[in-house]
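Visitor:
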Amino acid sequence: DMSWKMVDRNSSDYIELKKAKVNFYKTPDAILKAQLDAWDKVIAKKAGENALFKKVLDSQKAFAERAVAWDNDYNTNFRMAYDRYFGKGAKKA
1 DMSWKMVDRN SSDYIELKKA KVNFYKTPDA ILKAQLDAWD KVIAKKAGEN ALFKKVLDSQ
61 KAFAERAVAW DNDYNTNFRM AYDRYFGKGA KKA
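FYI, the working numbering numbers position 74 of the sequence shown as 74, with every residue one higher than the one before it.
#1: Taking just the CA atoms, how far does D8 sit from A90?
#2: For Y82, which residues in the same chain have their Cβ closer than 7 Å to its Cβ, ignoring the five residues on either side in sequence?
#3: According to DSSP, simplified to helix, strand and coil, what is Y25?
#4: Is the beta carbon of F53 less than 8 Å from the beta carbon of A44?
#5: Can you tell me where the alpha helix (DSSP H) holding F78 begins and where it ends?
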């Protein structure tokens, strides 16, 4: 129930923000990788200092491993369908 409402709200707000000349940028993969590298250092230090931190971190990682594996295998990328119907060169009905 909440999933479609979130998509509806976010996509509608996105259109309004673009009308207001707000620019959107995709974070480059190199920056995302650097963030992950930095985060790995932080969590290694914190997990070594605090047993509760490590317990919570391990639980979160186990959840992420399971949930993202399912998401990667189950959900499809919509890019092909979007490009076909709405991208450059798309045939208008």
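C-beta atoms are modelled at their ideal positions from N, C-alpha and C, and glycine is treated no differently.
Guide: Looking at the coordinates:
#1: Their Cα atoms are separated by approximately 23 Å.
#2: Taken in chain order, the list of residues that qualify is empty.
#3: In this structure, Y25 counts as coil in the three-state DSSP scheme.
#4: Between F53 and A44, the C-beta spacing is not below 8 Å.
#5: F78 -> no alpha helix (DSSP H), and no H or E assigned at all.
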